[in-house]
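Peer 1:
There are 4 protein chains.
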Amino acid sequence: MRFFSDNAAPAHPKVLEAIAEANRLDTAYDGDEWSRRLDGAFSDLFGTQVRAFWVTTGTAANCLALAALCPPYRAILCHRDAHIEVDEAGAPGFFTGGAKLILLDGEGAKISPAAVREACDAIRNDVHQVQPAAISITNATEYGLVYRASEVAALGDVAKERGLALHMDGARIANALVSTGASLADLTWRAGVDALSFGFVKNGGLNAEALILFRTDLADEIAVRRKRAGHLLSKGRYLAAQLLAMLDGDLWLENARASNAAAQQLAQAAPQRLVYPVEANEIFLKITSEEAQRLRGMGFDFYDWGPGQIRLVTSWDQQGSELESLAAAIASL
Amino acid sequence: MRFFSDNAAPAHPKVLEAIAEANRLDTAYDGDEWSRRLDGAFSDLFGTQVRAFWVTTGTAANCLALAALCPPYRAILCHRDAHIEVDEAGAPGFFTGGAKLILLDGEGAKISPAAVREACDAIRNDVHQVQPAAISITNATEYGLVYRASEVAALGDVAKERGLALHMDGARIANALVSTGASLADLTWRAGVDALSFGFVKNGGLNAEALILFRTDLADEIAVRRKRAGHLLSKGRYLAAQLLAMLDGDLWLENARASNAAAQQLAQAAPQRLVYPVEANEIFLKITSEEAQRLRGMGFDFYDWGPGQIRLVTSWDQQGSELESLAAAIASL
Amino acid sequence: MRFFSDNAAPAHPKVLEAIAEANRLDTAYDGDEWSRRLDGAFSDLFGTQVRAFWVTTGTAANCLALAALCPPYRAILCHRDAHIEVDEAGAPGFFTGGAKLILLDGEGAKISPAAVREACDAIRNDVHQVQPAAISITNATEYGLVYRASEVAALGDVAKERGLALHMDGARIANALVSTGASLADLTWRAGVDALSFGFVKNGGLNAEALILFRTDLADEIAVRRKRAGHLLSKGRYLAAQLLAMLDGDLWLENARASNAAAQQLAQAAPQRLVYPVEANEIFLKITSEEAQRLRGMGFDFYDWGPGQIRLVTSWDQQGSELESLAAAIASL
Amino acid sequence: MRFFSDNAAPAHPKVLEAIAEANRLDTAYDGDEWSRRLDGAFSDLFGTQVRAFWVTTGTAANCLALAALCPPYRAILCHRDAHIEVDEAGAPGFFTGGAKLILLDGEGAKISPAAVREACDAIRNDVHQVQPAAISITNATEYGLVYRASEVAALGDVAKERGLALHMDGARIANALVSTGASLADLTWRAGVDALSFGFVKNGGLNAEALILFRTDLADEIAVRRKRAGHLLSKGRYLAAQLLAMLDGDLWLENARASNAAAQQLAQAAPQRLVYPVEANEIFLKITSEEAQRLRGMGFDFYDWGPGQIRLVTSWDQQGSELESLAAAIASL
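Residue numbers (my numbering), protein chains in the order written: chain V, 105 to 437; chain F, 105 to 437; chain P, 105 to 437; chain Y, 105 to 437.
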């Protein structure tokens, strides 16, 4: 019974069906009918005109966006534990041509407007120091916390105030949305987000993510950068079809509700052990290595997360029986 | 009836089945059982120890290889019409960090050892001029010609003589192999190829290509570069499974035989119109724009290729009836 | 007696004097009084508002300008024999982050509006092909020819027509100016030039070149890029003082007149041997290797330039006696 | 009376004389007799075979070295306050093609072997996290502290242990050497340093710094990278001559002794105000802004260094009378 990553879960059957339905001749690259429906489908979803690009990884979505938002000689402000800093092999440096990440502190991998202001204020405005160009936040964060719409808006305000772009890594945006109850518009573009990496793979997709541009003027550059980075697949319809299937009937929300609910079930088993409030589908528990071993002995898989902590991640397809067993096991430790 | 690109054809049903079979929980990235079988499966296929990486595009395969074979301050020799020069949006410059492509001439997009030597001899050996580090050839070429094993070996010899690495863009390696009748070993590593972009998508795959390293010492660097370029998918098993399905029962050869045979059928309809000998699955015909219009009027789709020429590409799934109609139509022009 | 390069000549005594005079305490980098006078001095010289930056090499001037004029994913049109292509070790690729040089043909390293248009027309306007962003020309060219003001203006027109920026590598702009008799304004910004690498080192300077921006909106970016490339010297006053000394009393024009006149003297010694008309300070002669050997035997130094040709370059300090001897020697061959 | 930067001081008269003496024809670039003497002169100085390159800035020296020591996809460990991180406009990211700086803490901008080990241990050895390739230290540090030979050797040991290269930013290496009394060999290559940015400009030079390679196998690559970065000046003899003049008669040591002694004189005026021990030519004092104003009122120039601190830097040419006045003024606050 596995709780190590939502990255490892299978794809939702409707996603596979969509791929099968797309398995007929069409134009190559993104000229096919599925790809051509993306701008409209996502514009409807967000309630504003957007440009939508399929890509196959969150790293590609994040770094294509950052490359368009930050020139090589400037910097991106992000949390010290942000995925772009910690787990993307330096991809932002590669895609931007050497831009710098300026690392901010903040509980649970969240950054605050105050932290952004302080970081900006510490930079002398001259050619010797790298000037910031963008902020990147992750929602839900790497520790399973969420930014509420008002919190994003506060960061959007400081971004505007300081002349910075705002990028959101939404690998788990669905979980954040469901958790906060905000509208998608309020959580993103109305709050000042310029570009969103809209995650689907952790949420039941197979291998399609979306890069959403609220600044539609960047679309031509992103299209070129996507090709130049080897991310323009020749049979793009199989990606576009996945995204459309996830949007269809709000499957993406249904899946996120399932994984969030699964996380709550586990969180309630041992509230006193929680390192962070559980706001999405990740649970960090204080636990001894002996206890961790006992859980593993019962057949549960998960990652250690530094000394005395473990991380559990729930997925869209988590079975009730698995959850009950694990909840009981944790409660009994 | 479409003859505009093998990129546009559907995936083979067995590829879709393999994806469906892989739709169960496994480790993320390339730690899953399918991905872990790739090195062995391709080593068996090539008859030597290789390292095999899945990627989603030929551009990624080509440029990851070139970045490992050529430092930013050196150059890659390739044909003026090579895909890496003409159709990859400058991706080699991006992946290598600014390495230069030195463009060679040669009939049908083939380069000769003499052309390589001449280009090298024209470069002063000083710090002012960019020194070459690698040769990249495409087999089959962008004009549907093939390099025979002996021709590759002759380029392998000049590569060794000049201290250059040798990369093969094998987007249509299956068609070349079937056409030449060579063994895969003779056409690649025994001929001195260091890295091969092994194409599957044009040959019945869905979205998985393979990068094969005969220089296995480059594997660690390539693994990092793949991640850094956003090409390490989180559910890699769906790519690995495609590749294994294509190798299984030599499906990749079967598909290539079909598309090559289809091309021959068309070629024989109008031998006097051929711009190049038809050696793989591409046919370039001399044709007036009025004739082209007539063909299109009959329902055939294809690309114009400069004034007075059209390009037809056949696919693994081309129907006999389509072929007969087109052959007859061409013959009757 | 050396005629191999104006790069090798000594600096003019007034340049050394200016350095000595600047040898007192002042603010570091470019905050000193000499550096602060550059914008004004060059604006006066050009008759329009410019921003002027000292750098130490033509390569730095060229490539800083090109990096500001061309994003990493686009291309610069230049002559096949341009210094940026042939003799800068791939620096444009480094500074731009991988932009491509598209190489044009043209007699004597000059490019024509027709060649630019033809190259642009050959590029499909899609994401697969690298779109052009700038033209770079060298005046005087690498073969000692000059673009007249009207010729630059014609290129400026095509640049505007195609949405391209126009850069001029003016390593020998002084020689070109003196040769054409044009005004500096007509030869540059009035003709549509956006950025000029204004050479002084080949013309009697010690180690200071100037980068002139007619598009003053690029100045902030260039200032950062200069620092980031390690080209912001900490004691910039020694560079600024050189430039001011060269402008003072039109020393730069005086020097260029001297080297141009020297070249004419040699050209007239053997008009039938000239490969190109001599319009600046370079002379290319058709000569057998036996004849070349005889000249060297008489104590003359110069470069061979491919089979059957030699290159002679005259400098600001060339002695009359040297010139007479060489002219006589050539005439007597 | 200025104490704001050794960067602002004039050049030593012997440096200017050397430039004047070099003002005669010679081969361009680094083919001249002065440049050709550098390898020998520095090899003698260090007591081992080195390769020596002139450049015009410390940024260029640092970043050329780092680019050769660290591939684009790896990281350099350095102090959080290191010049390469704080004051070079992101040049390491530019020269390396996007390598990452991992920032370490440590008193007075010094890093310890323990800090290096801790940072390395925190990096998972997989493709998701950026693996370190090099350590860069500054000696004397940005806060005027020095690494003793044994401290460098301890870092050299941890570098070897972890498979890392070791770079030393020696913008003030002369001050460190004089301060520690170590031999140049013990402070550098015997301690495991692979490449040294050997500063001269802050120590009486005009615009020549040296990059010293103890790993002479990197010399060919560095030569190309120097050209590619626009740092191969066409009249290199004026730089080489400066370096030779600084070495001649140990002028570089004499100058460093003078600036160090000047710093000691100031330090002794108010030992209780020192933020750090004064070990080179920088003095950081705790001082109120009112006191700072009074000093300025007396004609002393210096930088504020955060709230409640100022930085004084002494230079090779500091006059005794200036020092006595400032010492007295500080003592009297």
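Glycine residues also receive a C-beta, built at the ideal position from the N, C-alpha and C atoms. On a predicted model such as this, the values are computed, not experimentally measured, just so you know.
Using beta carbons (cut-off 8 Å, strictly below), is V/K331 in contact with chain F?
Peer 2: For the purposes of this step, residue 331 of chain V is taken as the residue at position 227 of the first sequence. Output row for V/K331: interface = yes.
Peer 1: Which partner residues of P/H183 appear in the DSSP bridge assignment?
Peer 2: As a position in the third sequence, residue 183 of chain P is number 79, starting the count at 1. DSSP, once it has assigned bridges, lists P/L208 as partnering P/H183.
Peer 1: Please report the distance separating the alpha-carbon of P/D191 from that of Y/M402.
Peer 2: The count along the third sequence starts at 1 and reaches residue 191 of chain P at position 87. The count along the fourth sequence starts at 1 and reaches residue 402 of chain Y at position 298. Between P/D191 and Y/M402, the C-alpha separation is close to 54 Å.
Peer 1: Can you give the Cα-Cα distance for F/G260 and F/M272, rounded to whole angstroms?
Peer 2: By 1-based counting over the second sequence, the position of residue 260 of chain F is 156. By 1-based counting over the second sequence, the position of residue 272 of chain F is 168. About 11 Å.
Peer 1: Check for me: the beta strand (DSSP E) holding Y/R155 runs from which residue to which?
Peer 2: Indexing the fourth sequence from 1 puts residue 155 of chain Y at position 51. Element bounds for Y/R155: 155-159.
Peer 1: Ignore the nearest five residues each way along the sequence and tell me which others in F/S283's own chain have a CB closer than 8 Å to its CB.
Peer 2: Taking the first residue of the second sequence as position 1, residue 283 of chain F is located at position 179. Around F/S283: A244, V250, N364, E383, A384.
Peer 1: Please name the residue, chosen from P/E325, P/N311, P/Q376, that lies closest to Y/I123 on a Cα-to-Cα basis.
Peer 2: In the fourth sequence, counting from the first residue as 1, residue 123 of chain Y sits at position 19. It is P/N311.
Peer 1: Here's the rule I'm using: 16 or more other beta-carbon atoms within 10 Å means buried, otherwise exposed. How should V/P411 be labelled?
Peer 2: Here residue 411 of chain V corresponds to residue number 307 of the first sequence, with the count starting at 1. Under this definition V/P411 is an exposed residue.
Peer 1: Report buried or exposed for Y/N229, applying the criterion of at least 16 other Cβ atoms within 10 angstroms of its Cβ.
Peer 2: Residue 229 of chain Y sits at position 125 when you count from the first residue of the fourth sequence. By the 10 Å Cβ count, Y/N229 comes out exposed.
Peer 1: Determine which residues share a DSSP beta bridge with F/M272 and list them.
Peer 2: Start at 1 with the first residue of the second sequence, and residue 272 of chain F comes out as number 168. Answer is F/I241, F/L300, bridged to F/M272.
Peer 1: Name the chain P residues whose beta carbon is nearer than 9 Å to that of F/G412?
Peer 2: Taking the first residue of the second sequence as position 1, residue 412 of chain F is located at position 308. Those do not exist, as F/G412 stays about 16 Å from chain P at its closest Cβ, beyond 9 Å.
Peer 1: What are the boundary residues of the beta strand (DSSP E) that includes F/V417?
Peer 2: Taking the first residue of the second sequence as position 1, residue 417 of chain F is located at position 313. Run containing F/V417: 413-417, per the beta strand (DSSP E) assignment.
Peer 1: Run through chain V and tell me which residues come within less than 9 Å of Y/G197, C-beta to C-beta.
Peer 2: Looking up residue 197 of chain Y in the fourth sequence gives position 93. Going along chain V in sequence order, the residues near Y/G197 (Cβ under 9 Å) are P176, Y177, G197, T200, G201, G202, A203, K204, V234.
Peer 1: At least one CB of chain V closer than 8 Å to the CB of Y/A193: is that the case?
Peer 2: Position 89 of the fourth sequence, counted from the first residue, corresponds to residue 193 of chain Y. Closer than 8 Å to some Cβ of chain V, the Cβ of Y/A193 qualifies, so yes.
Peer 1: Between P/D421 and the rest of its own chain, which residues show a CB-CB distance below 7 Å, the 5 nearest in sequence each way excluded?
Peer 2: Position 317 of the third sequence, counted from the start, is the residue given in the question as residue 421 of chain P. Cβ within range, chain order: A113, P114.
Peer 1: Is the Cβ of V/L181 closer than 8 Å to any Cβ of chain P?
Peer 2: Here residue 181 of chain V is taken as the residue at index 77 of the first sequence, counted from 1. No - not a single Cβ of chain P is within 8 Å of the one on V/L181.
Peer 1: How big is the Cα-Cα spacing for Y/D110 and Y/A258?
Peer 2: Within the fourth sequence, residue 110 of chain Y is the residue found at index 6, counting from 1. Within the fourth sequence, residue 258 of chain Y is the residue found at index 154, counting from 1. If you take the alpha carbons of Y/D110 and Y/A258, they lie about 30 Å apart.
Peer 1: Output, in sequence order along the chain, the residues in the region 322-355 of chain P whose CB is closer than 8 Å to any CB in chain V.
Peer 2: The residues in question are E325, A327, V328, R329, R330, K331, R332, L336.
Peer 1: Three-state secondary structure (DSSP) at Y/P236?
Peer 2: Start at 1 with the first residue of the fourth sequence, and residue 236 of chain Y comes out as number 132. The answer is strand: DSSP assigns Y/P236 an E or B state.
Peer 1: Establish whether the CB of P/S216 and some CB of chain Y are separated by less than 8 Å.
Peer 2: Here residue 216 of chain P is taken as the residue at index 112 of the third sequence, counted from 1. Output row for P/S216: interface = no.
Peer 1: Find the residues of chain P that neighbour F/V231, judging by a C-beta separation of less than 7 Å, and give them in chain order.
Peer 2: Mapped onto the second sequence, residue 231 of chain F falls at position 127. Here the neighbours are A193.
Peer 1: Only counting the same chain, and skipping five residues up and downstream in sequence, which positions put a Cβ closer than 6 Å to that of F/I434?
Peer 2: As a first step, residue 434 of chain F must be located in the second sequence, where it is residue number 330. Hits under 6 Å: A373, A374.
Peer 1: Can you tell me where the beta strand (DSSP E) holding P/L389 begins and where it ends?
Peer 2: What you label residue 389 of chain P is simply residue 285 of the third sequence in a count that begins at 1. That run of the beta strand (DSSP E) goes 386-390.
Peer 1: Closer than 8 Å, Cβ to any Cβ of chain V: which residues of the region 294-319 of chain F, in chain order?
Peer 2: Those would be V305, K306, L310, N311, in chain order.
Peer 1: Can you tell which of P/I241, P/A345, P/D321 has its C-alpha closest to the C-alpha of P/A172?
Peer 2: Position 68 of the third sequence, counting from 1, holds the residue named residue 172 of chain P. Comparing Cα-Cα distances from P/A172 to each of P/I241, P/A345, P/D321, the minimum goes to P/D321.
Peer 1: How would you list, in chain order, the residues of chain V whose beta-carbon sits under 7 Å from the beta-carbon of Y/V417?
Peer 2: Indexing the fourth sequence from 1 puts residue 417 of chain Y at position 313. Result: empty, since nearest Cβ-Cβ is about 16 Å, beyond 7 Å.
Peer 1: If you measure from the beta carbon of Y/V159 to each beta carbon in chain V, is any gap under 8 Å?
Peer 2: Within the fourth sequence, residue 159 of chain Y is the residue found at index 55, counting from 1. Taking Cβ atoms only, chain V never reaches closer than 8 Å to Y/V159, which makes this a no.
Peer 1: According to the neighbour-count rule (16 or more other Cβ atoms, all chains shown, within 10 Å of its Cβ), is V/P196 buried or exposed?
Peer 2: For the purposes of this step, residue 196 of chain V is taken as residue 92 along the first sequence, with counting starting at 1. Buried is the call here.
Peer 1: Would you call the CB atoms of P/V231 and V/V159 closer than 8 Å?
Peer 2: Numbered from 1 along the third sequence, position 127 holds the residue referred to as residue 231 of chain P. Numbered from 1 along the first sequence, position 55 holds the residue referred to as residue 159 of chain V. Result no, Cβ atoms of P/V231 and V/V159 do not sit closer than 8 Å.
Peer 1: With a CB to CB cut of under 6 Å and the five nearest residues on each side skipped, what residues in its chain are close to F/H335?
Peer 2: For the purposes of this step, residue 335 of chain F is taken as residue 231 along the second sequence, with counting starting at 1. Only V159, A164 meet the Cβ criterion.
Peer 1: Taking 8 Å as the threshold, find out whether the region 349-359 of chain Y comes into contact with the region 180-190 of chain Y through three or more Cβ pairs.
Peer 2: Segments in contact, no.
Peer 1: From F/L207 to F/L181, what distance separates their C-alpha atoms?
Peer 2: Position 103 of the second sequence, counted from the first residue, corresponds to residue 207 of chain F. Position 77 of the second sequence, counted from the first residue, corresponds to residue 181 of chain F. When rounded, the distance between both Cα atoms is 6 Å.
Peer 1: Tell me the residue span of the alpha helix (DSSP H) that contains P/F315.
Peer 2: If you number the third sequence from 1, residue 315 of chain P lands on position 211. This sequence places Leu at residue 315 of chain P; Phe is not what is there. Looking at the DSSP string, P/L315 is not in any alpha helix (DSSP H); the run it does join, the beta strand (DSSP E), is 313-317.
Peer 1: Applying the 10 Å Cβ sphere with the 16-neighbour rule, what's the burial state of P/P236?
Peer 2: Indexing the third sequence from 1 puts residue 236 of chain P at position 132. Under this definition P/P236 is a buried residue.
Peer 1: Around the Cβ of F/G202, are there at least 16 other Cβ atoms within 10 angstroms (buried) or fewer (exposed)?
Peer 2: Reading the second sequence from its first residue, position 98 is the one you call residue 202 of chain F. F/G202 is buried by the Cβ-count criterion.
Peer 1: Going by DSSP, which residues form a beta bridge with P/Y133?
Peer 2: For this step, residue 133 of chain P is matched to residue 29 along the third sequence. Paired residues: P/K339.
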